[in-house]
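What follows is one structure encoded as structure tokens, with my remarks underneath.
Number of protein chains: 6
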Amino acid sequence: MEKNRYELGLEKLGEVDGDQGDKVIESLKDIAPDLGKFIIEFAFGDIYTRPALDLQERELVTLSCLTTLGATEKQLTVHINGALNVGIGQEKIIETFIQCIPYVGFPRVLNAVFVAKEVFQSRSF
Amino acid sequence: MEKNRYELGLEKLGEVDGDQGDKVIESLKDIAPDLGKFIIEFAFGDIYTRPALDLQERELVTLSCLTTLGATEKQLTVHINGALNVGIGQEKIIETFIQCIPYVGFPRVLNAVFVAKEVFQSRSF
Amino acid sequence: MEKNRYELGLEKLGEVDGDQGDKVIESLKDIAPDLGKFIIEFAFGDIYTRPALDLQERELVTLSCLTTLGATEKQLTVHINGALNVGIGQEKIIETFIQCIPYVGFPRVLNAVFVAKEVFQSRSF
Amino acid sequence: MEKNRYELGLEKLGEVDGDQGDKVIESLKDIAPDLGKFIIEFAFGDIYTRPALDLQERELVTLSCLTTLGATEKQLTVHINGALNVGIGQEKIIETFIQCIPYVGFPRVLNAVFVAKEVFQSRSF
Amino acid sequence: MEKNRYELGLEKLGEVDGDQGDKVIESLKDIAPDLGKFIIEFAFGDIYTRPALDLQERELVTLSCLTTLGATEKQLTVHINGALNVGIGQEKIIETFIQCIPYVGFPRVLNAVFVAKEVFQSRSF
Amino acid sequence: MEKNRYELGLEKLGEVDGDQGDKVIESLKDIAPDLGKFIIEFAFGDIYTRPALDLQERELVTLSCLTTLGATEKQLTVHINGALNVGIGQEKIIETFIQCIPYVGFPRVLNAVFVAKEVFQSRSF
């Protein structure tokens, strides 16, 4: 039987974010459960499952969006972990932030790099 | 003899942006020539020449930054052309914008897609 | 038979944006048809159909988001029309922009008001 | 005798933000007292007292602006409390954030919802 | 007799923006006259008249804000003219934009410089 | 012998940011040392050393950019210290933030002022 959008999204969320994504969804349960459902169904079920970009490329795009937006420490934590989970190395993650410098300036990039520093350290145990 | 930052940057600018980049630098000549120099030396000479990300990956990151920032039609025009120049197909460029939706919403993505539409049409002649 | 997300969204899009929304979807057909599909299914099918906020309140929120983002003239044109379509008066639309001043400053609000001026004039014939 | 802008603003600030607003003004006293005066006179005295939008509608607009801007946790805390104070229910506040998703993406909305979660919990005692 | 905030603001607006500011206020007359009033009373009457920064310093700050925000071509046109009106030279205006590069990146600065180019040319006749 | 960009930048960084800048560079050493190098060479070596704006004017511009961007508490801490180091008084720093209000609204300015409050207190011992 064909999987529905929720099932497809949950599978993809697990593949990308591991238990980090689960924690976000879990933390929404008592306050805005539908927001969690939309993240699973739309972001992961509809978008991340599409062809034309592979998961590593999708995470490069996501890291660039989050760096540019700013004020996204929680989301960067999830997606730096996600990038590592789908096989992007630490050096390439840092280089993605460095490529953002000419377009968004140093402050946004510094903030992203400091989140990466914490994520890399938390995974080294 | 080793090339200096300006020469390295000019070479890379040509590789990525073709004559589109030249036009930007040219248009700065009588108003802010050093701004053109910084784009060549720093953005293209220092950053685009680094390893760890290839040119296609750098353009994916750049397109994502410009989409997220908004109000970057001129720069998107240059870098959608740049993305095509380094071998990224039209479908993949559009998919990069679609991957941005969950992080930046529809308006920024719509604006980027409409710039892509114009660039794709202008190159089809 | 129950309507699916696409049908629900198309109906809601028509209710809010009239033929302005159709034109956006139409203009995406040859470049990014799935983007149009996501706007209909997700934005209008999933979100605009929810209870807890009525359509007038949803348009107030949307106008506030677009004003704050900036660089959203096309989307403001669609949603100022949308706000009028769902029964919000011109004075209330302008007042929504004025309420944004303390939070986003004058430039974003001025830009939104000048879009409203054009929309109001275009509908007065 | 007619109230001046400061008196009108202080009254409105109390009505909307209760003692949360007072605390902000108080915390500015020794560093930037005129900033507090401008918030009272201009934001609350000039803007919040106007007709055409009621206080509930003004808070919906304000929550939407703050969500879109990002990096506004302190201000969201004040205005989520403000929204509750003027009679907007918890469900409607969350729905306001959900209506922002298509325009600003998930990260800004997630951050706003997590602030709401803390505010709702802090008021449940 | 003491001037009121509106009179003080109108005087300051004339000093800074010349007839450019008048045109903005004029263009608001039939759509949002109170927005024009708030710009005069609050921005120019309350803020620009304060001590601690002179008019040249205020215009440097304003140009930096508008460059960083983006999507502010109209406001940059007014305030590049304003900067010239209060005696800031063309070179210093361009240098202000160049100082923004490390903090906001090249695209925002390029857009501001191209507005300056048009303003400088329009005044050279 | 002529100093190179790195040496010029390091000197300027020390002049502006004192040991605060060193700490940022130091904290990047094990995660993204080249990011520190680019800040020294490009931001401080290439940009801060230019004529046309003096160091006080450059810090006014920088504070305005950081206030407008938002989510820049760490960078504001460095540059409020930097502004004090190059001789800008506390009152003038606060006034710079107040001049930003009409262009960026109260939330960004409030956040900057609260960072200044902490910096001023930390230096009063």
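Which chain is which? The protein sequence lines are P, G, E, F, Y and U, in order. Heads up: the first sequence begins at 1 in the UniProt record's numbering, then just goes up one per residue. Heads up: the second sequence begins at 1 in the UniProt record's numbering, then just goes up one per residue. Heads up: the third sequence begins at 1 in the UniProt record's numbering, then just goes up one per residue. Heads up: the fourth sequence begins at 1 in the UniProt record's numbering, then just goes up one per residue. Heads up: the fifth sequence begins at 1 in the UniProt record's numbering, then just goes up one per residue. Heads up: the sixth sequence begins at 1 in the UniProt record's numbering, then just goes up one per residue. All residues carry an ideal CB built from backbone N, CA and C; glycine is no exception.
In the structure shown, Y/Ser-124 falls within a coil segment according to DSSP collapsed to helix, strand and coil. A Cβ of chain U is located within less than 8 Å of the beta carbon of E/Val-104.
With its beta carbon at least 8 Å from every one in chain U, P/Asn-4 lies outside the interface. DSSP, reduced to helix, strand and coil, places E/Ile-98 within a helical segment of the structure shown. Against chain Y, a Cβ distance below 7 Å from U/Ile-101 picks out Ile-47. Rounded to the nearest whole angstrom, the C-alpha separation of F/Glu-118 and F/Asn-81 is 11 Å. Counting C-beta atoms within 10 angstroms of its own C-beta, E/Tyr-103 has 16 or more neighbours from the protein chains shown and is therefore classed as buried. Shortest Cα-Cα distance from P/Gly-18 to any of P/Lys-3, P/Leu-53, P/Val-78, P/Phe-106 involves P/Val-78.
Beyond the five residues adjoining it in sequence on each side, U/Val-86 comes within less than 7 Å, by CB distance, of Val-16, Leu-55, Gln-56, Glu-59 in the same chain, given in chain order. With a beta-carbon spacing of about 18 Å, Y/Ile-94 and G/Ala-43 fall beyond the 8 Å limit used to define contacts.
As summarised for the UniProt domain "Carboxymuconolactone decarboxylase-like" (33-118) of chain U, the continuous alpha helix (DSSP H) elements at least 4 residues long and confined to that stretch are 33-38, 55-69, 73-85, 90-104, given in chain order. Here the alpha carbons of F/Gln-75 and P/Glu-26 stand approximately 26 Å from one another.
Residues of the UniProt domain "Carboxymuconolactone decarboxylase-like" (33-118) of chain P with a C-beta atom less than 7 Å from some C-beta of chain E are Phe-38, Phe-42, Asp-46, listed in chain order. Around the beta-carbon of P/Lys-92, 16 or more other beta-carbon atoms lie within 10 Å, marking it buried.
A Cβ-Cβ separation of about 25 Å leaves U/Thr-72 out of contact with U/Leu-8 under the 8 Å criterion. With fewer than 16 other CB atoms across the displayed protein chains lying within 10 angstroms of its CB, F/Glu-2 is exposed. Excluding five sequence positions before and after G/Leu-66, the CB atoms of its chain that fall closer than 7 Å to its own CB belong to Thr-72, Gln-75, Leu-76, His-79, given in chain order.
Under the three-state reduction of DSSP, E/Lys-23 is assigned to helix. For the 8 Å CB-CB criterion, G/Val-113 and E/Leu-63 do not form a contact. The beta carbon of F/Ile-25 sits no closer than 8 Å to any beta carbon of chain U. Among the CB atoms of chain Y, one or more fall inside 8 Å of the CB of G/Leu-28. In the structure shown, the three-state DSSP call for F/Glu-15 is helix. In the three-state reduction of the DSSP assignment, P/Glu-7 falls in the helix class.
For G/Gly-105, the number of other beta carbons within 10 angstroms of its own is at least 16, and it is reported as buried. Taking a 10 Å sphere around the C-beta of P/Gln-99, we find 16 or more other C-beta atoms and assign the residue as buried. With distances taken between CA atoms, E/Ala-52 lies nearest to F/Gly-89 out of F/Arg-123, F/Gly-45, F/Gly-89. With a beta-carbon spacing of about 13 Å, Y/Thr-68 and U/Thr-96 fall beyond the 8 Å limit used to define contacts. Of all alpha-carbon atoms in E/Gln-20, E/Gly-70, E/Val-115, the one lying nearest the alpha-carbon of G/Arg-108 is that of E/Gly-70.
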